[in-house]
Every structure is written in C-alpha cells, then in structure tokens.
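Take a look at the structure set out below.
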Amino acid sequence: MAPSLTVPPLASIVPIFTCQAQFSEISEKNQMKSGMSRKGDCWANRVVERFFGSLETERVFGSQYLPREEAKRDVIDYIEMFYNSKRRHSYAGYLSPNDFEKEIE
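If you're matching positions, the sequence shown starts at 1 in the working numbering and goes up one per residue.
Written as structure tokens, this is what we have:
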C-alpha cells in the first residue's frame, strides 16, 4: 500500500509559523543575520555536517549504547569536554579552542 499523501490539519502547521516569527524577531534584536540557501547548495550546512561527521567517526562509530541515556551522556561528554575545548581544529591553525583563545589574548 502506498503511503498517504494527505495534508496535515492546519492546527499542526500554525505553530511552525509562530516559532519562525519568534526566531526572526529574536534574530533581529540580536543583530543576527539568518539566511536560507538555494535547494541543492551543499555548502549551506557544512559546519553542522562537519561536526556530526566528526562526532560519528571519533566517538559514536563502533560503540554500542544501552540504554539510550548512556548514548546521550557520551555525546554530551564529547561535545562539552572534548570537541569544544581540547580537540584541534583546522580553522584555528590546528590548535584546540582553549589554546587558540590563549594565543590571541
């Protein structure tokens, strides 16, 4: 049987627009520029794609987590204790973010 292609009720669509309006308002107040790229622009999401690629290959690949909370703890540990503070990043001349900050001060 083919999947149903029905349109969801309007009530389930409205909150998305409300959130977008709030996001736009907060972005403008904080002088943040948001943008959306054209369909098929592979570079638009490159920072996030790079991060998740690193997370997969450096931490998650080959691991077995039971229960789900163990996976959450491990991912949070990777982000807070390693990726954001100790891991060397090419954009910073292959220094860790902590070392890079010390160098520019």
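Don't be surprised by glycine CBs; every beta carbon is placed ideally from N, CA and C.
Within the 8 Å Cβ cut-off, does residue i reach chain D?
| i | result |
| --- | --- |
| E56 | The structure shown has no chain D; it contains just one protein chain. |
According to DSSP, is residue i part of a helix, a strand, or is it coil?
| i | result |
| --- | --- |
| L55 | helix |
If you drop the 5 nearest sequence neighbours on each side, which residues of the same chain put their C-beta closer than 7 Å to that of residue i?
| i | result |
| --- | --- |
| M95 | Met is not the amino acid found at residue 95; the sequence shown has Leu there. These residues qualify, in order along the chain: R88, E103. |
Could you name the residues of the same chain whose beta carbon sits closer than 8 Å to that of residue i, not counting the 5 residues immediately before and after it, in chain order?
| i | result |
| --- | --- |
| R46 | none |
Measuring straight from C-alpha to C-alpha, what distance separates residue i and residue j?
| i | j | result |
| --- | --- | --- |
| S34 | A44 | 12 Å |
| R59 | R38 | 32 Å |
| G93 | E101 | 12 Å |
| G40 | D74 | 33 Å |
| G71 | S85 | This sequence places Ala at residue 71; Gly is not what is there. Rounded to the nearest angstrom, the two C-alpha atoms are 20 Å apart. |
| S24 | C42 | 24 Å |
| Q20 | Y65 | 35 Å |
Am I right that residue i and residue j are in contact with their C-beta atoms under 8 Å? What's the rounded C-beta distance?
| i | j | result |
| --- | --- | --- |
| Y91 | L55 | That pair is no contact at about 17 Å. |
Is there contact here, the segment 23–31 with the segment 49–57, by at least three beta-carbon pairs under 8 Å?
Taking 8 Å as the limit for Cβ pairs, the verdict is that the segment 49–57 does not touch the segment 23–31.
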